[in-house]
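Working notes, beginning with the structure itself.
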Amino acid sequence: MPTRFKSSPFAVCACLFALSTSGTASSQTPSVHDHPLGEQTKRLPTNFSDGSDLPNGWRITPAGKAIGEMGDLVMNLTSAPDGKAVISINSGFLPHGLDVFDTKAQKKVQHIELPSA
Numbered sequence: 003m004p005t006r007f008k009s010s011p012f013a014v015c016a017c018l019f020a021l022s023t024s025g026t027a028s029s030q031t032p033s034v035h036d037h038p039l040g041e042q043t044k045r046l047p048t049n050f051s052d053g054s055d056l057p058n059g060w061r062i063t064p065a066g067k068a069i070g071e072m073g074d075l076v077m078n079l080t081s082a083p084d085g086k087a088v089i090s091i092n093s094g095f096l097p098h099g100l101d102v103f104d105t106k107a108q109k110k111v112q113h114i115e116l117p118s119a
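Residue 5 in this note's numbering sits at position 3 of the sequence shown, and the numbers go up by one each step.
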């Protein structure tokens with residue numbers, strides 16, 4: 003007694019798709035020039051006065067103005083209850099510490115070193 007295979011619409015579509023694309027997959031190799039951002043992905047990041055261009059074509063711009071130098075990994079920012087100061091904690095590769103910024107004068111007024119773990 004011969005076995006009979008049941009066919010589903012999905013199996014039929016999958017077979018037809020595999021047969022129709024089997025000859026074209028090996029002849030076409032994707033290239034960076036085929037990508038819409040091909041030229042932009044070959045460029046190095048560039049700094050401008052209003053932001054930076056990234057290799058993926060995006061431009062990032064600062065949300066405000068810089069008022070002082072902070073550490074390399076700011077873990078948190080908090081403001082004083084009266085709003086006169088902002089405190090940041092830095093815990094990156096550089097020495098850890100707290101930085102205190104005066105919001106009215108818009109400058110760093112104090113740096114407190116913390117022991118690195």
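Even glycine gets a Cβ: it sits at the ideal position worked out from N, Cα and C.
Residue interval of the beta strand (DSSP E) (run including residue i)
i	result
residue 103	99–104
residue 109	109–115
residue 77	76–81
Cβ shell of residue i (< 7 Å), same chain only, five flanking positions each side left out
i	result
residue 72	90, 92 and 101
residue 112	102
residue 75	92, 93 and 94
Cβ neighbour criterion (16 or more within 10 Å) applied to residue i
i	result
residue 95	exposed
Contact set for residue i: own chain, Cβ-Cβ below 6 Å, skip 5 residues either direction
i	result
residue 80	89
residue 114	99 and 100
residue 77	91 and 93
Neighbourhood of residue i by C-beta, 8 Å cutoff - its chain only, sequence neighbours within 5 removed
i	result
residue 117	98
Residue i: CB within 7 Å of a non-hydrogen atom of the ligand SAM
i	result
residue 82	With respect to small molecules bound, the structure shown includes none, and the ligand SAM cannot be examined in it.
Practice prompt. Decide if the region 88–95 is in contact with the region 50–67; the criterion is three or more beta carbon pairs, one per stretch, under 8 Å apart.
Written response: no
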